[in-house]
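Colleague: Sending over a structure as structure tokens; questions will come in a sec.
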Amino acid sequence: MNWYSTYIFITAHDSVTPYHMDREMNFLLQIRGTKTVKLWDPRDPEIMTPAEKDQLLAQRHEPRPTYKPSFERKAMTFELAPGLGVHHPFIAPHLVTTGKQLSISLAITFRTQRSDVWTDAHCFNHRLRSRLGVAPGNVGSRGVIDATKAGIIRMGRQARRLLHSSR
Ligand SMILES: [Fe+2]
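So this is what it looks like as structure tokens:
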């Protein structure tokens with residue numbers, strides 16, 4: 475594990491957290507009230523194409539993938555009540571609604587060495603696509619290639635840091 479954080483979400487009744495994805499994984503545990511969590515498979519190319527994932531993970535701010543009504547039939551729906559929880563896999567898009575009462579949930583959020591490699595490999599792919607017009611291989615299919623891509627991105631970051639600190 476490279477990083478973790480915990481959050482308590484106190485949410486009004488009948489509220490909606492719109493369709494989005496996170497760079498972190500989490501375990502969302504319901505304490506009070508109810509929540510409906512809809513999750514989508516991030517490996518399904520109809521939900522997010524490889525190019526879209528590369529672009530979303532190269533963004534600095536919260537990534538917002540595009541939602542289409544046709545995705546509804548592919549949603550995995552979890553009805554959370556006190557004592558129940560659900561795991562959000564890496565970059566799995568999700569949409570959350572609360573029930574008729576105040577909702578309190580605990581989110582245990584984390585990143586791993588592997589998820590950080592995937593994030594940097596997506597950044598590498600995005601640069602290849604946007605700057606060189608090359609269609610790179612998908613992240614997640616070969617660990618050695620992902621690690622090499624991430625290594626190149628990290629060396630570039632390190633070199634930029636050194637250049638800035640020497641000015
Ligand atoms: Fe989220």
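Going from the sequence shown to my numbering is simple: count from 1 and add 474.
Using N, Cα and C, we set each Cβ at its ideal position, and we do this for glycine too.
Everything numeric in this text was worked out from a predicted model, so none of it was measured.
1) In this structure, how does DSSP classify H562 when only helix, strand and coil are distinguished?
2) Return the Cβ separation of S579 and F483 in integer angstroms, given the expectation that the two are a contact with Cβ distance under 8 Å.
3) When you compare only the Cα positions, how much space is there between R635 and G625?
4) Have a look at Y493 and V570 and give me their C-alpha separation to the nearest angstrom.
5) Quick check on the burial criterion: 16 or more other C-beta atoms within 10 angstroms. Buried or exposed for M495?
6) When you compare the CB positions of Q529 and S604, do they come within less than 9 Å of one another, or not?
7) Got a sec, what are the start and stop residues for the alpha helix (DSSP H) R588 sits in?
8) Do you know offhand how far G611's Cα is from P567's?
9) Compute the minimum distance between the beta carbon of H562 and the heavy atoms of ligand 1, and state whether it is under 8 Å.
Modeller: On the basis of the coordinates in this document:
1) strand
2) 5 Å
3) 15 Å
4) 8 Å
5) buried
6) yes
7) Q587 to R601
8) 22 Å
9) yes
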